[in-house]
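First comes the structure, then the notes that go with it.
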Amino acid sequence: AQTVTQSQPEMSVQEAETVTLSCTYDTSESNYYLFWYKQPPSRQMILVIRQEAYKQQNATENRFSVNFQKAAKSFSLKISDSQLGDTAMYFCAFMKSRNTDKLIFGTGTRLQVFP
Amino acid sequence: KAGVTQTPRYLIKTRGQQVTLSCSPISGHRSVSWYQQTPGQGLQFLFEYFSETQRNKGNFPGRFSGRQFSNSRSEMNVSTLELGDSALYLCASSLAEGIKYQETQYFGPGTRLLVL
């Protein structure tokens, strides 16, 4: 069975600084997808970034980028130039690539951005 | 395009009652999944529907059921409510063309259920 671990329950960062959130996972699958979702206080789950396991290049979306280490089963999220609006819960999620949309989530990291 | 919509947004029920939650996916999306979010258990997968068929089911008791209609709208039902069913119930949809699943799911705002 697949598992996703986020070892940082809470993190804080000052506005304009850079912060990295950690995620590790366990799977025997060779092809899969990884995601970071953001859940602000409104509780709306918002996709931040996704990574296909067969792609070696790390995904980037504006200020958000990942460091995907397939052999180490590590998938960290880097937020550059942090903004107050980045304050939220961040969830790392895993999905097998075949015949399912089932997401397996980590326990989340609460990120607080301070002015 | 309109996003995923869920109704109702808030619901209060008492133990033993049943409840039905509704989810309308993004137009053109054919796969709908449901998740339960609680402070203690986090985000847990309930079930997934594609073309009116349940494709996957999470580890929940039979009191939790769902269905999908021909227009891809989905409902989930919880019978004989227990206090522990209090949670945020999230619905997500994806394109899922044919048998090849698209990998990105988009979530609705959720239905917050409180069981007294």
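Note that the protein sequences, when read in sequence, are chains A and B. Going by this note's numbering, the first sequence opens with residue 1, and the numbers climb by one from there. Going by this note's numbering, the second sequence opens with residue 1001, and the numbers climb by one from there. Where is the CB? At the ideal position from N, CA and C, for every residue including glycine.
Asked, Found
"Is the beta carbon of B:LEU1011 sitting closer than 9 Å to the one on B:THR1111?", "yes"
"Using 9 Å as the limit for Cβ to Cβ distance, is B:ALA1092 near chain A?", "yes"
"For A:GLY85, name the three-state secondary structure that DSSP assigns.", "helix"
"Give the straight-line distance between the Cα atoms of B:GLN1044 and B:LYS1057, rounded to the nearest whole angstrom.", "11 Å"
"In chain order, what residues of the same chain have a beta carbon less than 8 Å from the beta carbon of A:PHE114, not counting five sequence neighbours either side?", "SER12, VAL13, GLN14, GLU15"
"Find the nearest neighbour of A:TYR25 within the set A:SER65, A:PHE94, A:PHE64, judged by alpha-carbon distance.", "A:PHE94"
"Could you work out which residue in B:VAL1115, B:LEU1113, B:SER1093, B:LEU1114 is closest to A:LEU47 when comparing CA atoms only?", "B:SER1093"
"List, in order along the chain, the chain B residues whose C-beta lies closer than 9 Å to that of A:THR107?", "GLY1042, LEU1043"
"Unbroken beta strand (DSSP E) runs of length 3 or more, entirely within the region 1010-1058 of chain B: which are they?", "1010-1013, 1019-1024, 1031-1038, 1042-1050, 1053-1057"
"Are the C-beta atoms of A:TYR37 and some chain B residue less than 9 Å apart?", "yes"
"Chain A partners of B:GLY1110, CB-CB under 9 Å?", "ARG43, GLN44, MET45"
"Shorter than 9 Å from the beta carbon of B:PHE1050 to some beta carbon of chain A?", "yes"
"Taking Cβ positions only, does B:GLY1058 come closer than 9 Å to chain A?", "yes"
"Bridge partners for A:LEU77 per DSSP, in chain order?", "A:LEU21, A:VAL66"
"A:PHE91 touches chain B at which residues, Cβ-Cβ below 9 Å?", "GLY1042, LEU1043"
"Since I believe A:GLU29 is in contact with A:THR183 (beta carbons under 8 Å), could you give me their beta-carbon distance rounded to a whole number of angstroms?", "Outside the displayed span of chain A (1 to 115) sits residue 183 of chain A, for which this structure offers no information."
"I'd like the span of the beta strand (DSSP E) that includes B:GLY1066, first residue to last.", "1064-1068"
"Excluding the five sequence neighbours on either side, which residues of its own chain have a C-beta within less than 7 Å of the C-beta of B:PHE1060, listed in chain order?", "LEU1046"
"Tell me, please, which residues DSSP counts as bridged to A:GLN51.", "A:LEU34"
"Using 9 Å as the limit for Cβ to Cβ distance, is A:ILE79 near chain B?", "no"
"I'd like the list of long-range same chain contacts for A:GLY85, defined as Cβ closer than 7 Å, with 5 residues on each side in sequence excluded.", "none"
"So that I know if they touch, is there some Cβ in chain A lying closer than 9 Å to that of B:LEU1088?", "yes"
"Kindly give me the distance between the Cβ atoms of A:ARG43 and B:PRO1109, rounded to whole angstroms, as I take these residues to be in contact under 8 Å.", "7 Å"
"To which residues does DSSP link B:ASN1077 through a beta bridge?", "B:THR1020, B:SER1065"
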